[in-house]
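Structure, as structure tokens:
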Amino acid sequence: MSEKKPTPLVSQPSGKVCPVCGNRTYSQGGIHPQCAVHQADAARCEKLKATRKLEVAETTPSTWRSKKCPKCKNESHVRRKVCDCGHTLF
Ligand SMILES: [Zn+2]
Ligand SMILES: [Zn+2]
380 MSEKKPTPLV SQPSGKVCPV CGNRTYSQGG IHPQCAVHQA DAARCEKLKA TRKLEVAETT
440 PSTWRSKKCP KCKNESHVRR KVCDCGHTLF
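Once you know that position 86 of the sequence shown is 465 in my numbering, the rest is easy, because the numbers rise by one and skip nothing.
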């Protein structure tokens, strides 16, 4: 009547714990092939996100740039050449 007990993870010298999913792996390098792919993908996604953030920051200014019309004191977009009141903005 000897029941085979599952060996605890820590006392097993062979096999490593995959750093990605946390499950045991017997693959070389100590990482599941699919997890390695996932990890590489995640790294690439992270890079992509970073570059995307940069692009967004460049294309959309954080503050709406405006200039005040000296005549009516209304704010117009900095690129506008003529104010609503008809005053020419430099
Ligand atoms: Zn894994
Ligand atoms: Zn004006």
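For every residue, glycine included, the Cβ atom is placed at its ideal position computed from N, Cα and C.
Quick caveat, the model's predicted, so the values are computed rather than measured.
- Restricting attention to L433, S455, V396, the CA atom closest to the CA of G408 is found in V396.
- Assignment of beta-bridge partners to H456 by DSSP yields S445.
- Relative to ligand 2, the nearest heavy atom lies less than 7 Å away from the CB of H466.
- Annotation for N453: K447, C462, D463, C464 place their beta carbon closer than 8 Å to its own, counting only its chain and skipping 5 residues before and after.
- For C424, the distance from the CB to the nearest heavy atom of ligand 2 is not below 7 Å.
- Beta-bridge partners assigned by DSSP to V461: T467.
- DSSP places K432 within a helical segment (H, G or I) once states are collapsed to three.
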